[in-house]
Structures are given as C-alpha cells and as structure tokens.
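Written out below as structure tokens is the structure these notes cover.
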Amino acid sequence: MGSEENCSVSCRSEASSLFSWPWGYLGGFNYLMYGPLVGNALFAMYKGGIKNGGWCLHILILFGLRALVHQLWGSFSCMLFLNRNRRINKQGLEFKQIDAEWHWDNFLMLQAIAASLLYLSSFPLSNLPVFDSRGFLWCLLLHIGISEPFYYWLHRLLHSHGLFQHYHWLHHSSRVLHPFTAGHATFLEHLLLCVVVGIPTLGTTYIGYGSISLIYGYLLLFDFLQCLGHCNVEVFPSHMFEALPLLKYLIRTPTYHSLHHTEMGTNFCLFMPLYDKLWKTTNTKSWELHREICSRTNSRVADFVFLAHVVDVMSAMHAPFVFRSFSSTRFTIMPFLFPMWPFAYMVMLVMWAKAKTFLFSLYYLRGKLHETWVVPRFGFQYFLPFAAEGINNQIEDAILKADKLGVKVISLAALNKNESLNGGGTLFTNKHPSLRVRVVHGNTLTAAVILHEIPQDVEEVFLTGATSKLGRAVALYLAHCKVKVLMLTLSTERFSKIQREAPVDCQKYLIQVTKYQAAQNCKTWIIGKWTTPREQYWAPKGTHFHQFVVPPIIPFRRDCTYGKLAAMRLPDDVEGLGSCEYTMGRGVVHACHAGGVVHFLEGWQHHEVGAIDVEQIDVVWEAALKHGLKPL
6 MGSEENCSVS CRSEASSLFS WPWGYLGGFN YLMYGPLVGN ALFAMYKGGI
56 KNGGWCLHIL ILFGLRALVH QLWGSFSCML FLNRNRRINK QGLEFKQIDA
106 EWHWDNFLML QAIAASLLYL SSFPLSNLPV FDSRGFLWCL LLHIGISEPF
156 YYWLHRLLHS HGLFQHYHWL HHSSRVLHPF TAGHATFLEH LLLCVVVGIP
206 TLGTTYIGYG SISLIYGYLL LFDFLQCLGH CNVEVFPSHM FEALPLLKYL
256 IRTPTYHSLH HTEMGTNFCL FMPLYDKLWK TTNTKSWELH REICSRTNSR
306 VADFVFLAHV VDVMSAMHAP FVFRSFSSTR FTIMPFLFPM WPFAYMVMLV
356 MWAKAKTFLF SLYYLRGKLH ETWVVPRFGF QYFLPFAAEG INNQIEDAIL
406 KADKLGVKVI SLAALNKNES LNGGGTLFTN KHPSLRVRVV HGNTLTAAVI
456 LHEIPQDVEE VFLTGATSKL GRAVALYLAH CKVKVLMLTL STERFSKIQR
506 EAPVDCQKYL IQVTKYQAAQ NCKTWIIGKW TTPREQYWAP KGTHFHQFVV
556 PPIIPFRRDC TYGKLAAMRL PDDVEGLGSC EYTMGRGVVH ACHAGGVVHF
606 LEGWQHHEVG AIDVEQIDVV WEAALKHGLK PL
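Using our numbering, count along the sequence shown one by one with no gaps and you end on 637.
Spelled out as structure tokens, the structure:
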C-alpha cells in the first residue's frame with residue numbers, strides 16, 4: 006500500500022482504538038506530564054538527599070539525554086553542506102511532514118511514565134548498583150535472542166492489511182526519513198515497543214544483574230541505532246562490509262532501512278539484518294544501493310541558487326540543522342534562544358575564521374533544483390569598512406563555484422548586493438565577463454512588489470533611502486504615475502541626477518526634503534533606510550510604513566501600521582520546502598529571491614546587476630504572475 010493510499014484512510018484510522026496518544030489534546034502543554042516526576046525528585050532530595058530521589062531524577066536525566074541523541078542526529082541529518090552526496094532520498098523535508106512529526110518525543114514520555122509505574126511497584130529498581138559487568142552480557146543475549154526476533158515478527162504483523170491500514174501507515178506516511186521519524190508512530194505501536202525495550206533491561210534486572218549504567222547504556226544505544234537507521238544519510242563506507250562480510254548481518258545501515266520504506270515487504274529487522282536473512286525477507290538491492298550511494302562524488306547540480314546571509318546571532322539559530330521545528334515557522338526571538346546565544350556566538354567566530362559558503366536548504370520547482378547558499382557573515386559586518394574585501398571575496402568564490410558547477414542563475418540577497426559593497430553585483434560581472442552563470446540582484450521585482458503594495462489613489466509618498474538603487478527606481482516609477490515623491494536626502498547632487506532621469510513633465514513630482522518633519526502630513530511612508538522611533542514620531546496618525554530596509558524597522562507606533570519586507574509566495578508546485586526564510590511565512594520568499602526565480606524560469610540571459618531598469622519593472626511583475634508567484 007503506497008503512502009498516498011495510506012493517508013486516504015487516515016481519518017478512519019485515527020478513530021481506531023489506541024491510535025492517538027492519551028495526552029494529545031494537551032498540545033505543547035504535554036510536558037506538564039513530567040511535573041510529578043520533577044516534584045517527586047525535588048522533594049525527595051530536599052528530605053533525604055539525592056539518593057532517595059535518585060530514580061525519578063534518573064528518569065528525567067534519561068529523557069533529556071535521549072532527546073539530545075535524537076536532536077544531534079536530527080541536526081546532522083539536516084546538514085546538507087556535510088552530507089549531500091550521501092543522502093539516500095534527495096528530496097527535502099516538507100512542512101507537512103514536520104507538522105505530522107511535531108510531537109515525535111511522545112514515546113519518551115510514555116516510557117518515562119512506564120518507568121515511574123515500575124518504580125512505584127515492587128520491581129527492584131531503587132537499589133540498583135552503578136555498574137555490573139555481567140549484566141551487559143545478559144542484556145546482549147536477551148536482546149539478540151528475544152527482542153530482535155520478537156520485533157521482527159511484530160513488525161511483519163503490523164504490515165498485515167488490517168493493522169497496517171489502522172495503525173502502521175502513520176509511520177510510513179513520512180516521505181523523507183529523519184531521526185524524528187523513528188518516534189512517529191501510534192500509541193499502540195509504542196506500547197509494544199516498550200515490551201521490546203523492556204525485555205533486555207528489565208529481564209537483566211529481574212535475574213539480579215541489572216545496573217544504572219546498563220539502563221542508561223542500553224536505552225541510549227537503542228535510540229542511537231534507531232536514529233542512525235532513519236537519518237537518510239549513509240554513514241557506513243562500503244569497503245567496511247567488503248572487508249568484514251559478517252557485519253552485513255549485524256548492522257542495519259540507513260540504506261538498508263530506507264528500502265523498507267520504499268519496498269515495504271522487505272527488511273523488517275530491528276537492528277540486525279540476520280533475521281531478514283533467516284526468514285528470507287532481505288531486499289536484494291540492499292548492498293548494491295549501499296555501494297552506489299557510497300561511491301557518489303557529486304550530487305545533482307542546482308539550476309538556481311539564492312545566496313543569502315545571516316542577519317544576527319539570534320537568526321543564525323533559525324537554521325534547519327539547529328531546530329527544524331523552529332526553522333519551519335517564521336523567525337521570532339524566543340526565550341529558549343537566549344541560553345544558546347554564547348554557543349552560537351562561538352560558532353560564529355569559527356565561521357568568520359574558516360567557513361566558506363555552505364548549503365542551507367533546497368526545494369524543487371518545476372522539477373528543477375533550487376538551493377539556498379549562505380555566506381557566513383552577519384549583518385553588522387557589512388557596514389564595517391575593513392570587512393568589505395573579505396565579504397566580497399566570499400561572494401565572488403560562491404559565484405565562481407556556481408559557474409564551475411553549471412548553475413544557471415545565482416541571486417544575491419539583501420546585503421550581498423549592497424551598492425557600497427560591490428555596486429549591486431557589478432563588481433563581479435565586470436571582473437569576470439565570461440561568466441556563464443547569470444548574476445541577479447532581484448531588485449527589479451522587489452521594486453515591483455513595493456509599488457504594487459501602494460494604493461492606486463495615493464497622491465503623495467515620503468521616501469527614505471531615496472537615492473539607493475531601489476529608492477531611485479521607486480521614485481522614478483511613481484513620478485511617471487504622477488505621484489508626488491518627497492525624497493529624503495542631503496545630497497542635492499544625487500537628487501538632481503535622479504530627477505534628470507525622469508521625463509521633463511514628470512520631474513516636478515520629485516521633491517527633495519532634508520528632514521523628517523517635511524512628511525508630517527504624509528500618510529504613506531516608504532522606508533529604505535533605518536528609521537529610529539524618534540524619526541517615526543513625525544509620521545501622522547494612521548500612516549502605513551512600507552519598507553525595503555534590512556533589518557526591518559521597529560514597529561514603534563501603535564497608531565500606525567507596518568508592512569513586511571517585500572516578498573512573494575512561491576508557486577503551488579514547490580516540493581521539498583520545509584524551512585521559512587527569516588521572518589517570512591511558509592512558502593514565502595523575499596522579493597529578491599523571487600526575482601532570481603523569475604529570471605531563471607524565463608530563461609533570460611542577461612545579468613541583472615547595478616541600477617534597476619525602470620522600464621522592466623512591469624515586465625518582471627507580469628512574468629512573476631505568469632509563473633505562479635503570488636503577491637501577499
């Protein structure tokens with residue numbers, strides 16, 4: 006039964022007994038279930054020291070460590086810049102799968118509750134020694150002799166038509182394997198998995214050889230191997246199995262398990278393919294596919310690349326390989342980020358010293374691969390004069406790498422095309438006139454998005470950043486539409502130069518102003534330069550702030566409204582998209598990113614660098630709409 010058919014029966018299946026989790030209705034408040042454990046541990050330690058509250062404390066520590074194992078494997082799985090050549094399924098994780106697996110750690114809660122109930126019973130857990138070497142041997146024997154074959158036949162039973170349709174389809178509904186997929190299953194399945202895990206640990210304890218280190222070691226190793234099998238990255242070299250063929254029956258590789266999700270009648274084992282061999286369910290492609298993945302030297306070349314940059318240390322933690330759930334929602338500063346700030350800052354220092362551009366995320370549009378690369382530089386660095394050369398060198402390296410690989414279009418994000426830094430990309434196209442990759446700043450579509458946000462009946466606007474690339478294009482376009490533009494600039498020379506570009510009969514609509522007070526009666530502000538709360542004070546009540554400044558201004562005025570950065574929604578046929586672009590919503594990208602996509606889809610052969618061609622604003626806008634991009 007395919008995953009599409011599985012999902013079609015989901016509504017009926019979710020009504021099945023023991024399908025849903027009992028605390029599912031709590032949503033994000035499900036962690037309150039650990040409250041009694043925390044209270045018991047703290048009270049016992051207060052009364053009699055750590056020893057008396059030890060078992061509850063061990064349960065809590067184990068929960069944290071097991072969650073950390075999954076998180077570290079999850080981070081590794083999403084580090085495309087490290088493992089892209091070894092990825093088994095090359096598709097990206099999508100929002101739908103991330104949402105479905107949001108509460109992947111329910112099974113940890115279930116096992117914590119089970120351990121608490123055992124502690125309250127007469128089972129001998131409270132006085133376990135720290136270490137007993139005999140227990141590890143007994144645990145291994147019980148796992149190999151009972152847990153492995155028990156899981157194998159239980160797994161095959163779950164693939165029978167009735168149980169699969171009512172329960173096991175959920176686990177197989179995940180399109181791309183991820184370490185969190187290991188925990189994505191129904192309540193019934195994890196009740197049964199508790200038995201699989203309990204046989205070696207509790208069995209060894211029951212016969213008198215249990216220890217604290219055994220329970221820690223077995224559970225952490227169990228989770229480690231589960232995450233390994235679901236990580237979607239082949240980590241074992243093929244020559245290891247050629248040198249030691251016996252290992253093929255002792256270790257379940259990620260490739261081996263991935264075949265179970267594509268050809269579900271094979272590879273049922275838990276961790277040891279020996280049992281598939283014994284009962285003749287080994288997929289014949291297992292080791293051939295393993296060798297093929299291990300022999301890869303180059304992955305598929307992207308057709309389009311968006312070259313982004315990090316804004317600040319906080320937003321750096323929005324990367325998919327940090328917390329994929331956090332990355333799948335628009336960026337906002339959250340309390341849990343603050344304790345991680347020092348570590349992120351240390352990583353930032355390493356990136357400054359050594360890192361080059363790295364692959365951040367990918368998606369497919371019209372069957373073509375689109376990737377986001379990130380220059381490891383933070384926003385404030387772009388305004389340090391001594392850092393300009395180093396930043397340009399990294400951008401240039403990325404462009405030359407894209408050219409060498411055969412990328413068709415590379416689009417530059419906000420500060421990567423800063424006028425004072427590289428002239429909006431002209432530095433690179435002038436230096437390398439034979440580039441095959443098209444360099445695009447995307448500002449033409451950015452200007453179009455800003456202009457189409459402005460109501461058609463507006464008669465006057467106030468424009469900051471008026472002599473920048475975008476400010477100039479917006480001003481000239483509005484002047485052509487007979488809209489008065491109050492251009493904030495202290496440079497009469499730069500203002501006059503822009504004014505002379507307008508048709509003679511339109512020049513009167515461009516007016517130079519030097520102070521914010523000049524706009525105290527204008528309710529349409531277009532912000533292209535950082536504006537402080539004090540400067541925003543001059544806007545009249547009811548003003549709407551359009552903006553194209555990075556980072557966006559602080560929404561200080563409660564009696565005014567603030568627009569987002571210029572952006573567009575990607576076409577509906579996008580696949581593999583599972584992370585949000587900075588503060589944008591799902592499926593929404595910055596207008597300069599969208600501008601590069603349009604450039605690629607249209608097959609235009611010119612570079613879009615330097616000054617914006619005002620006459621092309623409507624052309625690019627119509628092309629974007631034609632290809633399914635949507636204004637917000």
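Positions of the beta carbon are idealized from the N, C-alpha and C atoms, including for glycine.
Identify which residue in the options has its Cα closest to the Cα of residue i.
{"i": "residue 113", "options": "315, 566, 365, 39", "result": "39"}
{"i": "residue 601", "options": "446, 42, 516", "result": "446"}
{"i": "residue 342", "options": "464, 558, 318, 272", "result": "318"}
{"i": "residue 531", "options": "462, 458, 513, 584", "result": "458"}
{"i": "residue 589", "options": "558, 570, 582", "result": "570"}
{"i": "residue 329", "options": "48, 431, 552, 77", "result": "77"}
{"i": "residue 326", "options": "266, 300, 411, 185", "result": "185"}
{"i": "residue 158", "options": "587, 270, 264", "result": "270"}
{"i": "residue 125", "options": "82, 45, 195", "result": "45"}
{"i": "residue 281", "options": "154, 293, 176", "result": "154"}
{"i": "residue 177", "options": "267, 134, 61", "result": "267"}
{"i": "residue 188", "options": "391, 356, 108", "result": "108"}
{"i": "residue 308", "options": "379, 483, 396, 608", "result": "608"}
{"i": "residue 276", "options": "294, 252, 379, 191", "result": "252"}
{"i": "residue 423", "options": "389, 629, 202, 624", "result": "389"}
{"i": "residue 386", "options": "377, 494, 356, 437", "result": "356"}
{"i": "residue 181", "options": "60, 344, 94", "result": "94"}
{"i": "residue 35", "options": "82, 406, 598, 110", "result": "110"}
So is residue i buried or exposed if we call it buried at 16+ other beta carbons inside 10 Å?
{"i": "residue 563", "result": "exposed"}
{"i": "residue 538", "result": "exposed"}
{"i": "residue 605", "result": "buried"}
{"i": "residue 205", "result": "buried"}
{"i": "residue 474", "result": "buried"}
{"i": "residue 323", "result": "buried"}
{"i": "residue 211", "result": "exposed"}
{"i": "residue 513", "result": "exposed"}
{"i": "residue 332", "result": "buried"}
{"i": "residue 548", "result": "buried"}
{"i": "residue 497", "result": "exposed"}
{"i": "residue 358", "result": "exposed"}
{"i": "residue 559", "result": "exposed"}
{"i": "residue 216", "result": "buried"}
{"i": "residue 617", "result": "buried"}
{"i": "residue 245", "result": "exposed"}
{"i": "residue 97", "result": "buried"}
{"i": "residue 626", "result": "buried"}
So, are the CB atoms of residue i and residue j less than 8 Å apart?
{"i": "residue 166", "j": "residue 173", "result": "no"}
{"i": "residue 638", "j": "residue 272", "result": "This structure cannot speak to residue 638, because the chain is shown only from 6 to 637."}
{"i": "residue 90", "j": "residue 439", "result": "no"}
{"i": "residue 1", "j": "residue 517", "result": "Here the chain covers residues 6 to 637 and nothing more, so residue 1 does not appear."}
{"i": "residue 481", "j": "residue 455", "result": "no"}
{"i": "residue 426", "j": "residue 393", "result": "yes"}
{"i": "residue 259", "j": "residue 233", "result": "yes"}
{"i": "residue 264", "j": "residue 285", "result": "no"}
{"i": "residue 511", "j": "residue 485", "result": "yes"}
{"i": "residue 214", "j": "residue 301", "result": "no"}
{"i": "residue 409", "j": "residue 470", "result": "no"}
{"i": "residue 42", "j": "residue 66", "result": "no"}
{"i": "residue 274", "j": "residue 257", "result": "yes"}
Starting from residue i, trace the alpha helix (DSSP H) both ways and give me its first and last residue.
{"i": "residue 74", "result": "59 to 83"}
{"i": "residue 245", "result": "243 to 248"}
{"i": "residue 160", "result": "153 to 163"}
{"i": "residue 318", "result": "318 to 321"}
{"i": "residue 416", "result": "No alpha helix (DSSP H) contains residue 416, which is instead part of the beta strand (DSSP E) from 414 to 417."}
{"i": "residue 444", "result": "Not the alpha helix (DSSP H): residue 444 falls in the beta strand (DSSP E), residues 443 to 445."}
So the beta strand (DSSP E) residue i belongs to, where does it begin and stop?
{"i": "residue 530", "result": "529 to 532"}
{"i": "residue 393", "result": "That residue, residue 393, is in no beta strand (DSSP E); its alpha helix (DSSP H) goes 393 to 410."}
{"i": "residue 498", "result": "Residue 498 -> not in any beta strand (DSSP E); alpha helix (DSSP H) instead, spanning 497 to 506."}
{"i": "residue 313", "result": "309 to 315"}
{"i": "residue 365", "result": "363 to 370"}
{"i": "residue 377", "result": "373 to 383"}
{"i": "residue 517", "result": "515 to 518"}
{"i": "residue 108", "result": "Per DSSP, residue 108 belongs to no beta strand (DSSP E) and is neither H nor E."}
At what residue ranges does the segment 570 to 631 contain a whole run of the beta strand (DSSP E), taking only runs of 3 or more?
Listed in chain order, the complete beta strand (DSSP E) runs (minimum 3 residues) inside the segment 570 to 631 are 572 to 574, 593 to 595.
Complete alpha helix (DSSP H) runs within the segment 211 to 263 (minimum length 4 residues, chain order):
DSSP runs (the alpha helix (DSSP H)) wholly in the segment 211 to 263: 217 to 235, 243 to 248.
Segments of 3+ residues assigned as beta strand (DSSP E) that fall wholly inside the segment 453 to 495
Within the segment 453 to 495, the complete beta strand (DSSP E) segments at least 3 residues long are 465 to 468, 489 to 493, listed from N- to C-terminus.
Enumerated in chain order, which unbroken segments of the alpha helix (DSSP H) with a length of 4 residues or greater are wholly contained in the segment 324 to 368?
If only complete runs of 4 or more residues are kept, the segment 324 to 368 shows the alpha helix (DSSP H) at 329 to 332, 346 to 358, in order along the chain.
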